[in-house]
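Protein chains in written order, with this note's numbering: chain A, 9 to 117; chain B, 374 to 599.
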Amino acid sequence: MHIIGVALMLIGVYGLLTNRHMIKIIVSINVLEVGLNLFIIAVGYSDNKIVPIITSQSAGASNYSDPLPQALVLTAIVIGVGTTAILLSVARKLYQQYGTFDLTEMEAK
Amino acid sequence: MKKITAIILVSLLFVLLVMNMFDSDINFNKMDQSEVDGQYYTENPTSANMVTSVVVDYRSFDTLGEVTVLFVSSLGVAFILGGLSSRIKFKQSQSFILKVGTDMLFGMIILLGAYMFIHGHLTPGGGFPGGALIGAAFLLKYIGDDSYRAKISAFKALEGTMGSIYVLIGIIGILVGNYFLENLLDIGTLGNLVSGGLIPIIYVLIGLKVGSELTGIFDYFVNEEV
């Protein structure tokens, strides 16, 4: 899982480096974010640990996995939603002004 | 040429990261957690869902900051797209089936969202996913009917009230107890619907706030210039 997380992050970096289309850049940022979140969740994983929720089956157990990385990822996801909303609204405003999402065409105008 | 350079750069970075990760003595899958912060949280949970007890009890101040970030981002969207006022008309007119179907689903999705943030301290989910579901229900309405407008001023009032109550609960924590956002109420039996002290109350506040913020953001996105 750690490797998948790192790989997704780097796919996002690759997308940021090669694309000039605004929507594609925003999608790349989101892929990067998903990779990072997956990596943090994977760091919290541990063999023989159970989900940190007390149910009638798991009452009294002592092998709950660490809830902290999951809580931090919850925060990170919400902040990702906020930044994505801002980025999309900027993209939409620029599209209204230039009639294109491509940054190279925007520079030419 | 640009793509080849990017591929080389990214694969170098990948090799570097993976090598460092697996050369070290840390074995992620067999980590001993007895010396980690997380053990305190699992030994002294204040709600049946321990993630919730971290998010809205031990680190409630972080969550207040997180809610503030979402509030500022919805303000930013309002600032950028605020000049647009008329509703976007779709090129294709909506069919009868689509309109009736969205009306039927709307109530069920709202109900699921409410269930999620009311049971946030017992089951997976909580205020943020529940709020996102409520926002999604309104997005469905917007897509299903191109003359639909939510009462956005009511949502703004709801959002502001919920945020203020959250801060007020924190200040009551200073006045009555010892620190900001202290969990003053009795925790009760873990696993009951009424348990966890302030946790269910705060999660309902967060759920309503996130739902109204996301609805506000969607409302700005379906507007266009006159």
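We put the beta carbon where it would ideally sit given N, CA and C, even for glycine.
Exercise. List, in order along the chain, the chain A residues whose C-beta lies closer than 7 Å to that of B:T415?
Worked result: Within 7 Å of the CB of B:T415, the CB atoms of chain A belong to P60, Y72 and P75, in sequence order along the chain.
Problem set entry | Sufficient close CB pairs (3 or more, under 8 Å) joining the stretch 473-491 of chain B to the stretch 420-436 of chain B | Counting Cβ pairs under 8 Å, fewer than three are found: no touch.
For this session: Check whether the Cβ atoms of B:Y604 and B:S426 lie closer than 8 Å to each other.
Result: Outside the modelled stretch of chain B, which goes from 374 to 599, sits residue 604 of chain B, for which no answer is possible.
Problem set entry | Which listed residue (B:S537, B:T534 and B:F553) has its alpha carbon closest to that of B:G543 | Taking only the C-alpha atoms, the option nearest B:G543 is B:F553.
For this session: Note down the Cα distance separating B:T562 from A:S97, rounded to an integer number of angstroms.
Result: Between B:T562 and A:S97, the C-alpha separation is close to 46 Å.
For this session: In angstroms with no decimal places, state the Cα-to-Cα distance between B:H492 and A:S54.
Result: Cα to Cα, B:H492 sits roughly 27 Å from A:S54.
Problem set entry | Residue-chain proximity (B:F528, chain A), Cβ-Cβ < 8 Å | Between B:F528 and chain A, the shortest Cβ-Cβ separation is not below 8 Å.
For this session: Using a cut-off of 8 Å between C-beta atoms, extract the partners of B:M423 located in chain A.
Result: Simply P60, I61, I62, Y72 and P75.
Exercise. So is B:P418 in contact with chain A if we call contact Cβ pairs under 8 Å?
Worked result: Put simply, the CB of B:P418 is near chain A, with a gap under 8 Å to one of its CB atoms.
Problem set entry | Uninterrupted alpha helix (DSSP H) stretches inside the stretch 497-569 of chain B (no shorter than 4 residues) | Correct list: 500-517 and 525-549.
For this session: Using a Cβ cut-off of 8 Å (strictly closer), state whether B:A503 contacts chain A.
Result: The sequence given here has Gly at residue 503 of chain B, not Ala. Residue contact check for B:G503 against chain A: no CB pair falls below 8 Å.
Problem set entry | Neighbourhood of B:Y521 by C-beta distance below 7 Å, restricted to the same chain and skipping five residues each side | Within its own chain, the residues whose Cβ lies closer than 7 Å to the Cβ of B:Y521, once the five positions on either side in sequence are excluded, are K514 and Y515, listed in chain order.
Problem set entry | Per-residue contacts from A:L134 into chain B (C-beta, under 8 Å) | The question about residue 134 of chain A has no answer here: the residues shown for chain A are numbered 9 through 117.
Problem set entry | chain A contact for B:V595 (CB, 8 Å cutoff) | Not one chain A Cβ lies under 8 Å of B:V595.
Exercise. Is the Cβ of A:L44 closer than 8 Å to any Cβ of chain B?
Worked result: No, because no Cβ of chain B sits closer than 8 Å to the Cβ of A:L44.
For this session: Could you tell me which residues DSSP pairs with A:I61 in its beta bridges?
Result: Answer by DSSP bridge pairing, in chain order: B:N422.
Exercise. Going straight from the alpha carbon of A:L46 to that of A:A15, what length do you get?
Worked result: Answer to the nearest angstrom: the Cα atoms are 10 Å apart.
Problem set entry | Distance between beta carbons of B:D435 and A:T118, contact taken as under 8 Å | This structure cannot settle anything about residue 118 of chain A, because the visible part of chain A is limited to 9 through 117.
Exercise. What residues in its chain sit with their C-beta under 8 Å from that of B:F591, if we drop five residues either side in the sequence?
Worked result: Result list for B:F591: G508, F511, L512 and Y515, in chain order.
Exercise. Does the distance from the C-beta atom of A:A79 to that of B:V428 stay below 8 Å?
Worked result: By the CB criterion at 8 Å, A:A79 and B:V428 fall inside the cutoff.
Exercise. Looking at C-beta atoms only, is the number of pairs between the stretch 442-459 of chain B and the stretch 581-598 of chain B that lie closer than 8 Å three or more?
Worked result: Flag = yes, the stretch 442-459 of chain B and the stretch 581-598 of chain B touch.
Problem set entry | Alpha-carbon to alpha-carbon, A:I33 and A:A116 | Rounded to the nearest whole angstrom, the C-alpha separation of A:A116 and A:I33 is 19 Å.
For this session: Would you identify the three-state DSSP class for A:Y72, choosing helix, strand or coil?
Result: If DSSP states are grouped into helix, strand and coil, A:Y72 belongs with the strands.
For this session: Establish whether the CB of B:S585 and some CB of chain A are separated by less than 8 Å.
Result: At a cut-off of 8 Å, the C-beta of B:S585 has no neighbouring C-beta in chain A.
Exercise. Relative to chain A, which residues along the stretch 429-443 of chain B have a C-beta separation below 9 Å, given in chain order?
Worked result: Y431, R432, D435, T436, G438, E439, V440, V442 and L443: these are the residues of the stretch 429-443 of chain B whose beta carbon lies less than 9 Å from some beta carbon of chain A, given in chain order.
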